[in-house]
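Undergrad: Right, I'll just put the structure down here and ask away after.
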Amino acid sequence: MKKIICCSLGIFLTAQASATELDTIQVTANRLALTADETLAPVTIINRDEIELSAAKDLPELLQALPGISISQTGGPGQPASLFMRGTESDHTLVLIDGVRIGSVSTGAAALHFLPLDQIEKIEIVRGPRSSIYGSEAIGGVIQIFTRRKNKSSLHASVSGGSYQTRKGDLGFDWVQKNTSLGLTLAGEKTDGINAFKTTDPDKDGYENSSFNAHLKHQLSDAVKLQINALRAEGENDFDNTFNPASKESSDFVQQTVSIHFNYMPSDNLDVSFTAGQSRDELETQGSFPSTFDTKINQLSTQVNYFLNNSQHFVSGVDYRDDKLQSTTTFDENSRDNLGIFAAWFGEFSRNHLNVSLRNDDNEAFGNHTTGSLEYGFDISGQLRLTAAYGTAFKSPTFSDLYFPDSAFFVSNPDLDPETSESFEIGLRGNHAAYNWQVNAYRTNIDDMIAFTSDPVTFVGTVDNIDEAEINGLEIEGNTILKGHKVSLSYSYTDSEDKKTGQVLLRRPKNIARLDVSRSFKNFSANINLSYNGSREDLDFSNFPAQRVKLKSYSLLNIGMKYKLTDQWKLFAKLNNLLDKDYEIVFGYNQPGFNGYLGISYNQ
Numbered sequence: 124m125k126k127i128i129c130c131s132l133g134i135f136l137t138a139q140a141s142a143t144e145l146d147t148i149q150v151t152a153n154r155l156a157l158t159a160d161e162t163l164a165p166v167t168i169i170n171r172d173e174i175e176l177s178a179a180k181d182l183p184e185l186l187q188a189l190p191g192i193s194i195s196q197t198g199g200p201g202q203p204a205s206l207f208m209r210g211t212e213s214d215h216t217l218v219l220i221d222g223v224r225i226g227s228v229s230t231g232a233a234a235l236h237f238l239p240l241d242q243i244e245k246i247e248i249v250r251g252p253r254s255s256i257y258g259s260e261a262i263g264g265v266i267q268i269f270t271r272r273k274n275k276s277s278l279h280a281s282v283s284g285g286s287y288q289t290r291k292g293d294l295g296f297d298w299v300q301k302n303t304s305l306g307l308t309l310a311g312e313k314t315d316g317i318n319a320f321k322t323t324d325p326d327k328d329g330y331e332n333s334s335f336n337a338h339l340k341h342q343l344s345d346a347v348k349l350q351i352n353a354l355r356a357e358g359e360n361d362f363d364n365t366f367n368p369a370s371k372e373s374s375d376f377v378q379q380t381v382s383i384h385f386n387y388m389p390s391d392n393l394d395v396s397f398t399a400g401q402s403r404d405e406l407e408t409q410g411s412f413p414s415t416f417d418t419k420i421n422q423l424s425t426q427v428n429y430f431l432n433n434s435q436h437f438v439s440g441v442d443y444r445d446d447k448l449q450s451t452t453t454f455d456e457n458s459r460d461n462l463g464i465f466a467a468w469f470g471e472f473s474r475n476h477l478n479v480s481l482r483n484d485d486n487e488a489f490g491n492h493t494t495g496s497l498e499y500g501f502d503i504s505g506q507l508r509l510t511a512a513y514g515t516a517f518k519s520p521t522f523s524d525l526y527f528p529d530s531a532f533f534v535s536n537p538d539l540d541p542e543t544s545e546s547f548e549i550g551l552r553g554n555h556a557a558y559n560w561q562v563n564a565y566r567t568n569i570d571d572m573i574a575f576t577s578d579p580v581t582f583v584g585t586v587d588n589i590d591e592a593e594i595n596g597l598e599i600e601g602n603t604i605l606k607g608h609k610v611s612l613s614y615s616y617t618d619s620e621d622k623k624t625g626q627v628l629l630r631r632p633k634n635i636a637r638l639d640v641s642r643s644f645k646n647f648s649a650n651i652n653l654s655y656n657g658s659r660e661d662l663d664f665s666n667f668p669a670q671r672v673k674l675k676s677y678s679l680l681n682i683g684m685k686y687k688l689t690d691q692w693k694l695f696a697k698l699n700n701l702l703d704k705d706y707e708i709v710f711g712y713n714q715p716g717f718n719g720y721l722g723i724s725y726n727q
């Protein structure tokens, strides 16, 4: 394994690397900067050029139908979205922004639908358990978002508009000198939206979002680097009240991360980093049931990377987090902390690759929990590699599970254990001059799943560790260039089962396929995206008890285009659901029909 100069979060590397390197180097899978070829776990990387050329309006739409990923969303832009990675729950995927974990400590999930694409430079997606280096949430995988920045001085701006009275714009700059760089991006969008819920209150549910992203990096000496990052998105989204159609319902939201990264590299063999950060997730709802949930995750992390030689290196670290909740609802507890200690070893011996990691988390709510992983790769030839992996992971109970105030119909459970998982995976990948591909098959068993249960006599409900699930899956993906066309094709099969009931897990399609074809000419570029989402099961809550229903499969055709007017000015267009398909991904909720957007951008 070649020696790599890196830092634990890859922030400094990302700021200095070339565009080509950014496409191939990732830091999320092992908390270490490695190329995709050196990483044994399956990784998907999306860069800024791909984001701009896609037809996606928001982050959930961008991620939809990628290998191992399915999305459910209750309406159009700004409406709540859930991401299911490899069939696991929506709160079983860890989401990071510039190395800082995000999400609500009340619900346990990250609000991806509130994170604007205009503030994103790069996304790394790692599939498979990662709790042995990250701790809680990383059962299905990890998504890390890197905020927008350039490695040279530049100015950028864009404005666009289109369907549903949508207006968007952004303005930003990067200033880069020998030892110092800084940047700022301001962005905003507003849309009238669509009518989210089918059967009540046929008004449009609008959405608006204002955001900024700032960063500062300074090389204090040859061995010392400092970087500060900040991202804030705030706005409002309207939604339908299924019980009171006449009521005007809306939520004000804030998504925010702030972080300081300090990196010390006294020699080529030793790299020490320190990170302090905070993420904030605030949701204030007005209407029939007004409420406020303001959650913060304060985080400290220290990591040491030691390169023994060109083929072996060690990673160890300590993570501390303090979760806090302020709410108009009086929870029994409003804070808890967690201390995690981890170590990992990576080695290469001839044609053999081995990764071993172990972590212990000491949580104030449930005590100690240990996770581990073992990954092995064997180079069959210079182009073929066989991989196998085993890993355990866990998900901490949420504040709502543990501490929600008791009522006549619900009692929280402070004695909950974390949800745990055990995953097995085998894969084969080929890396050839003209194309590359990989196939991965996996099985994940999840125990102690937290589920709602009620007393049949008193009808008093609670949550308990009473459920189990088994998920078997297959992922196939390939990339090539055919006569100047960049072609990417993927297929994901997910067979999930609730072991208690024998039924499939809700809102997970068994079959997902995606085809992307892009081509760049002298002044014109285009990307055609065709996706297929198989049928899935959901619940119809108009009946009591709620009945299972099957949602039909659907296919979507989207096109993104750019036309270069000058070296600085470009026209761009996005055409979504070109065939105007009528489909559901959550029962009873509409999805946008054909919609289009036209804009102009400036980059200097």
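Here the sequence shown is numbered in this note's numbering, starting from 124 and rising by one per residue.
Every residue, glycine too, gets a C-beta built ideally from N, C-alpha and C.
1. Between which two residues does the beta strand (DSSP E) harbouring Leu694 extend?
2. Would you mind reading off the limits of the alpha helix (DSSP H) that contains Ile95?
3. Could you tell me which residues DSSP puts in a beta bridge with His104?
4. Expressed to the nearest angstrom, what Euclidean distance is found between the alpha-carbon atoms of Ala179 and Asn699?
5. Assuming the contact rule is C-beta atoms closer than 8 Å, Gly311 and Asn332 should be a hit. Round their C-beta distance to whole Å, please.
6. With the cut-off set at 8 Å, would you say Ile635 and Ala188 are in Cβ contact?
7. Between which two residues does the alpha helix (DSSP H) harbouring Phe522 extend?
8. Give a yes or no on whether the C-beta atoms belonging to Lys697 and Tyr686 are separated by under 8 Å.
9. Can you tell me whether Leu145 is helix, strand or coil according to DSSP?
10. How big is the Cα-Cα spacing for Gly400 and Ser205?
11. For Ser123 and Ser535, what's the separation of their Cα atoms in angstroms?
12. Have a look at Arg566, Gly683 and Tyr287 and flag the residue whose alpha-carbon is nearest the alpha-carbon of Gly514.
13. State the start and end residues of the unbroken beta strand (DSSP E) segment that holds Glu620.
14. Out of Ala156, Tyr706 and Glu161, which has the shortest C-alpha to C-alpha gap to Glu498?
15. So which of Thr689, Val627 and Ile148 has the shortest CA-CA distance to Leu157?
16. State the start and end residues of the unbroken alpha helix (DSSP H) segment that holds Ile604.
17. Can you find at least 3 beta carbon pairs, one from the stretch 253-271 and one from the stretch 216-225, that sit closer than 8 Å?
18. Can you tell me which residues form a DSSP beta bridge with Tyr677?
19. In three-state DSSP terms, what is Tyr720?
20. Compute the Euclidean distance between the alpha carbons of Thr521 and Pro632, then round it to the nearest angstrom.
21. Is the beta carbon of Leu628 less than 8 Å from the beta carbon of Ser619?
22. What separation, rounded to the nearest whole angstrom, lies between the Cα atoms of Gly490 and Val583?
23. With 16 as the cutoff for other CB atoms within 10 Å, does Gly133 come out buried or exposed?
24. Assuming Arg171 is part of the alpha helix (DSSP H), what are its boundary residues?
25. Measure the alpha-carbon distance for Lys447 versus Ser396 and round it to whole angstroms.
26. Below 7 Å CB to CB, which residues in the same chain sit around Pro389 once its five sequence neighbours on both sides are set aside?
27. Let me know the secondary structure DSSP gives Ser504 once reduced to three states.
28. According to the neighbour-count rule (16 or more other Cβ atoms, all chains shown, within 10 Å of its Cβ), is His608 buried or exposed?
29. In whole angstroms, what separates the C-alpha of Ser496 from that of Val265?
30. Which of the three DSSP states is assigned to His236 in this structure?
31. Please work out which residues of its chain come closer than 6 Å, Cβ to Cβ, to Val640, disregarding the five sequence neighbours upstream and downstream, and give them in chain order.
32. Rounded to the nearest angstrom, what separates Val683 and Leu176 at their Cα positions?
33. At the level of alpha carbons, what is the spacing between Phe717 and Asp293?
34. Per DSSP, what kind of secondary structure is Ser300 in: helix, strand or coil?
35. Put Pro183 into one of helix, strand or coil per three-state DSSP.
36. Is it the case that the Cβ atoms of Arg444 and Asn461 are separated by a distance below 8 Å?
TA: Taking the coordinates as given:
1. Indexing the sequence shown from 1 puts residue 694 at position 571. That run of the beta strand (DSSP E) goes Trp692 to Asn699.
2. Absent from the model: residue 95. The displayed extent of the chain is 124 to 727, so no value can be given.
3. Because the chain spans 124 through 727 in this model, residue 104 falls outside it and cannot be assessed.
4. By 1-based counting over the sequence shown, the position of residue 179 is 56. By 1-based counting over the sequence shown, the position of residue 699 is 576. Their Cα atoms are separated by approximately 8 Å.
5. For the purposes of this step, residue 311 is identified with residue 188 of the sequence shown, where counting begins at 1. For the purposes of this step, residue 332 is identified with residue 209 of the sequence shown, where counting begins at 1. Gly311 to Asn332, Cβ: 7 Å. Contact.
6. By 1-based counting over the sequence shown, the position of residue 635 is 512. By 1-based counting over the sequence shown, the position of residue 188 is 65. Closer than 8 Å, so yes.
7. Here residue 522 refers to the residue found at position 399 of the sequence shown. Where Phe522 is concerned, the enclosing alpha helix (DSSP H) stretches over Phe522 to Tyr526.
8. Here residue 697 is taken as the residue at index 574 of the sequence shown, counted from 1. Here residue 686 is taken as the residue at index 563 of the sequence shown, counted from 1. Contact: no.
9. Numbered from 1 along the sequence shown, position 22 holds the residue referred to as residue 145. Only weak support is given to the placement of Leu145: the predicted model assigns it a pLDDT of 34, under 50, and the value that follows is read from those uncertain coordinates. Of the three classes helix, strand and coil, the one that applies to Leu145 here is helix, per DSSP.
10. Here the question's residue 400 lines up with position 277 in the sequence shown. Here the question's residue 205 lines up with position 82 in the sequence shown. Cα to Cα, the separation comes out at about 25 Å.
11. With the chain running from 124 to 727 in the structure shown, residue 123 is simply not present.
12. As a position in the sequence shown, residue 514 is number 391, starting the count at 1. The option with the nearest alpha carbon to Gly514 is Arg566.
13. Taking the sequence shown and counting its residues from 1, the one referred to as residue 620 is at position 497. His608 to Asp621 is the span of the beta strand (DSSP E), which, as asked, contains Glu620.
14. In the sequence shown, residue 498 corresponds to position 375, counting from 1. Out of Ala156, Tyr706 and Glu161, Glu161 has the C-alpha closest to the C-alpha of Glu498.
15. Numbered from its first residue, the sequence shown carries residue 157 at position 34. When only C-alpha atoms are compared, the closest one is Ile148.
16. In the sequence shown, the residue the question calls residue 604 occupies position 481. Careful: Ile604 lies outside any alpha helix (DSSP H), inside the beta strand (DSSP E) at Gly584 to Leu605.
17. yes
18. As a first step, residue 677 must be located in the sequence shown, where it is residue number 554. Its beta-bridge partners are Asn656.
19. Taking the sequence shown and counting its residues from 1, the one referred to as residue 720 is at position 597. Residue state, collapsed to three classes: strand.
20. As a position in the sequence shown, residue 521 is number 398, starting the count at 1. As a position in the sequence shown, residue 632 is number 509, starting the count at 1. One C-alpha to the other measures close to 26 Å.
21. The residue given as residue 628 occupies position 505 in the sequence shown. The residue given as residue 619 occupies position 496 in the sequence shown. Yes, they are a contact pair.
22. The residue labelled residue 490 in the question sits at position 367 within the sequence shown. The residue labelled residue 583 in the question sits at position 460 within the sequence shown. C-alpha separation (whole angstroms): 28 Å.
23. Translated into the one-based positions of the sequence shown, residue 133 becomes position 10. Summary for Gly133: the model assigns pLDDT 40, below 50, so the residue's position carries little reliability, and this model does not support an answer.
24. Position 48 of the sequence shown holds residue 171. Segment Arg171 to Leu176, the alpha helix (DSSP H) holding Arg171.
25. Within the sequence shown, the letter at position 324 stands for residue 447. Within the sequence shown, the letter at position 273 stands for residue 396. Taking the straight line joining both Cα atoms gives about 25 Å.
26. Taking the sequence shown and counting its residues from 1, one reaches residue 389 at position 266. Ala346.
27. Working through the sequence shown from its first residue, we reach residue 504 at position 381. The answer is coil: DSSP assigns Ser504 none of H, G, I, E or B.
28. Sequence index remark: in the sequence shown, residue 608 carries index 485 (1-based). Classification for His608: exposed.
29. For the purposes of this step, residue 496 is taken as residue 373 along the sequence shown, with counting starting at 1. For the purposes of this step, residue 265 is taken as residue 142 along the sequence shown, with counting starting at 1. Near 15 Å, if we compare the C-alpha coordinates of Val265 and Ser496.
30. Your numbering for residue 236 matches position 113 in the sequence shown. His236 falls in the helix class under three-state DSSP.
31. Counting from 1 along the sequence shown, the entry for residue 640 is found at position 517. Here the set comprises His608, Val610 and Ile651.
32. Reading the sequence shown from its first residue, position 560 is the one you call residue 683. Reading the sequence shown from its first residue, position 53 is the one you call residue 176. Reading off the sequence, residue 683 comes out as Gly, not Val. Answer to the nearest angstrom: the Cα atoms are 5 Å apart.
33. Here residue 717 refers to the residue found at position 594 of the sequence shown. Here residue 293 refers to the residue found at position 170 of the sequence shown. Spanning the two alpha carbons is a distance of roughly 24 Å.
34. Here residue 300 refers to the residue found at position 177 when the sequence shown is read from its first residue. A small correction: the amino acid at residue 300 is Gln; Ser does not occupy that position in the sequence shown. Looking at Gln300 - three-state DSSP - the assignment turns out to be coil, as it is neither helix nor strand.
35. Position 60 of the sequence shown, counted from the start, is the residue given in the question as residue 183. If DSSP states are grouped into helix, strand and coil, Pro183 belongs with the helices.
36. Taking the sequence shown and counting its residues from 1, one reaches residue 444 at position 321. Taking the sequence shown and counting its residues from 1, one reaches residue 461 at position 338. Yes; because the gap between Cβ atoms is below 8 Å, this pair is in contact.
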